[in-house]
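Asks: Position 191 of the sequence shown, counted from 1, bears residue number 190 in numbering that gives the first Met the number 0, the numbering being contiguous throughout.
Below are the structure tokens for one structure; questions will follow.
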Amino acid sequence: MSDVSDRPARPHRRDLLRSTAAAAAVTMVHGAASAAEPRPLRLAVVGCGGRGSGAINDSLTINEGVTLVALADLYEDRCAKLRKSLSEAHPGKVDVPDAALFSGLDGYKRVLDSANVDVVLMTTSPGFRPRLVRAAVEAGKHVFAEKPACVDAAGYRICLDAHDLAVQRGTAIVTGTQYRRQVNYIGAIEQIRAGAIGDVIGATARYCAGGIWYRPRQEGMSDAEYQLNNWMHFIWLSGDQIVEQAVHNIDAMNWVMGGPPVAAFGQGGRFTRPADSEMWDNVSVDYEYSDNRRVSFMCRQIPGAAADVSNIVFGTKGICRIGASNAGSSIVDRSGKTVWEMAGSISDAYKQEHKALVDSIRAGKPIVELRETADSSLTAVLGRVAAYTGQRVTWDFLANKSELDLFPKELSWGGSLPTPQAAIPGKTKLV
């Protein structure tokens, strides 16, 4: 993770790069362009759902000299649908023949086997991400990997291996933690580091939203096909809300605190989930960071309940509010007077992820940031495991000793999978 502390410190080189990149994003979004002819890059997408379509649209929008050349998904018709919509939105930037529409569980392999692909956007359900990203690095591809990076301890270790291999081979891995490239987040971190709120004492982080989609089982679906289609509701695929969605807030807290926590203790449960969903609909976690600092974290997806997506950092001299989406950031002193504020645009941040990736490749200085996103993803897993088991769980145990590996030992399109069972604290074992 970035070298952040609760004391004034020199900015970490990675964050200076991101700060510079964020400023460049604003310039590019508003129409400035480089006079130089960019090096052509050929892109592919693995996972043609909502996040995949959003990510590739952002990349084609913000980058010049890029062409989409291949698509992969469980279903070929999703590939064809995305090709059609992108061809209409980005004429001249889409060149995907029928032969480059790949489907099935092994469709990603056809993408990675293609010498015509330079950059792969990995936007499948999270459970696949560690293995697919590592396979892409082994194939010599540059990677954009959506968040979270992993959903269990085994996946975390795969991510660390993939990160180190990418550094060794000189290939990029940029991740979908867009707040790290949003100007009001970068500005808030710079203010905290400069001592604007004094020493950091603790923080609160919230990702409280409404309900989430659910896709009923269709007649004739195997266990595997059903779970893959309804992936949010199975922990091996999504990691639960705390990992799949709320990792954004957890990542921001790790950024503020300078790295992952020491331990977590949590609780939660389920009131509104469908009977065959493994997800909880609420989790609350106390994260313990170094120097006896605490983060009170909460997430929930309950229809009709109040929404709150925010991060508040408490210091000895003031309070910093870092708003989600376009809410901006601000600092107040102990008297409540606003002493700093900055607006932010999340749409610019989404695009900047992809510009930073492409620019780093063309500059011959590929960004590799999978490790910090894996740390934040495992922090989310840490909170989930603590809540699921009812135990205080340490980072050292989960990162270095845990045998938690949720990915099926055998997975085929028509195959059977174990009957889902929601976790019960006190009965669910810590492994």
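Each residue gets a CB set at the ideal place from its N, CA and C atoms; glycine is no exception.
Bear in mind the structure is a predicted one, so any value in this text is a computation, not a measurement.
Give me the DSSP bridge partner(s) of residue 315.
Replies: Its beta-bridge partners do not exist; DSSP assigns none.
Asks: Classify residue 430 as buried or exposed, calling it buried when 16 or more other Cβ atoms lie within 10 Å of its own Cβ.
Replies: By the 16-neighbour rule on beta-carbons within 10 angstroms, residue 430 is exposed.
Asks: Which residue spans inside the segment 222-271 form an unbroken beta strand (DSSP E) run of at least 3?
Replies: 262-268
Asks: With a threshold of 8 angstroms, are at least 3 pairs of Cβ atoms found where one atom belongs to the segment 168-176 and the other to the segment 189-204?
Replies: No, they do not touch.
Asks: Please determine, among 209, 402 and 321, the residue with the shortest C-alpha to C-alpha distance to residue 248.
Replies: When only C-alpha atoms are compared, the closest one is 321.
Asks: Quick check on this structure: which residue in 178, 319 and 258 has the alpha carbon closest to the alpha carbon of residue 347?
Replies: When C-alpha distances from residue 347 are compared across 178, 319 and 258, the shortest belongs to 178.
Asks: Short of 8 angstroms in beta carbon distance, which residues of its chain neighbour residue 242, apart from the five on each side in sequence? Order them along the chain.
Replies: Excluding residues within five positions, the ones whose Cβ falls inside 8 angstroms are 125, 147, 150, 376, 379, 380 and 383.
Asks: Would you check if the segment 220-232 and the segment 273-282 touch, i.e. whether three or more CB-CB distances between them fall below 8 angstroms?
Replies: Touching, per the Cβ criterion.
Asks: Alpha carbon to alpha carbon, how far is residue 246 from residue 236?
Replies: Straight across, the Cα-Cα distance linking residue 246 with residue 236 is about 15 angstroms.
Asks: Give every residue of the same chain whose Cβ lies closer than 8 angstroms to the Cβ of residue 20, excluding the five residues on either side of it in the sequence, and list them in chain order.
Replies: Interpretation of residue 20 is limited by its pLDDT of 41, a score under 50 that renders its predicted location unreliable; no figure is taken from the coordinates.
Asks: For residue 426, which of 389, 408, 399 and 57 has the nearest alpha-carbon?
Replies: 389
Asks: Here's a check: name, in chain order, each residue in its chain whose Cβ is nearer than 8 angstroms to the Cβ of residue 270, leaving out the five neighbours to either side.
Replies: Listed in chain order, the non-local C-beta contacts of residue 270 below 8 angstroms within the same chain comprise 280, 281 and 301, local neighbours out to five positions each way being set aside.
Asks: Report back the beta-carbon spacing between residue 196 and residue 335 to the nearest angstrom; my notes put them in contact at under 8 angstroms.
Replies: No, residue 196 and residue 335 are not in contact; Cβ-Cβ is about 13 angstroms, not under 8 angstroms.
Asks: Let me check understanding here. Comparing Cα to Cα, which of 216, 185, 367 and 329 lies closest to residue 132?
Replies: Relative to the Cα of residue 132, the nearest Cα in the group 216, 185, 367 and 329 belongs to 367.
Asks: If I measure Cβ to Cβ from residue 66 and keep anything under 6 angstroms in the same chain, skipping five residues before and after, which residues do I get?
Replies: The beta carbon of residue 66 is closer than 6 angstroms to those of 41, 92 and 94 in its chain, skipping five residues each way along the sequence.
Asks: Inspect the beta-carbon positions of residue 107 and residue 373 and report whether they are closer than 8 angstroms.
Replies: In this structure, residue 373 does not lie closer than 8 angstroms to residue 107 by Cβ.
Asks: Kindly indicate which residue of 415, 272 and 344 has the alpha-carbon position closest to the one of residue 421.
Replies: 272
Asks: Looking at the structure shown, is residue 298 part of a helix, part of a strand, or coil, going by DSSP?
Replies: In the displayed model, residue 298 falls within a strand according to three-state DSSP.
Asks: Given that a residue counts as buried once 16 or more other Cβ atoms are within 10 Å of its Cβ, and exposed if not, what is residue 414?
Replies: exposed
Asks: Quick one: which unbroken beta strand (DSSP E) runs of 3-plus residues sit fully inside the segment 314-366? Chain order, please.
Replies: The qualifying runs are 317-322, 328-332 and 337-341.
Asks: Taking the C-alpha atoms as reference points, what is the distance between residue 27 and residue 401?
Replies: Legend: pLDDT at residue 27 = 41, less than 50; position of this residue unreliable, value from coordinates given subsequently. The straight-line gap from Cα to Cα measures roughly 44 angstroms.
Asks: To the nearest angstrom, report how far apart residue 74 and residue 45 are at their CA atoms.
Replies: 11 angstroms
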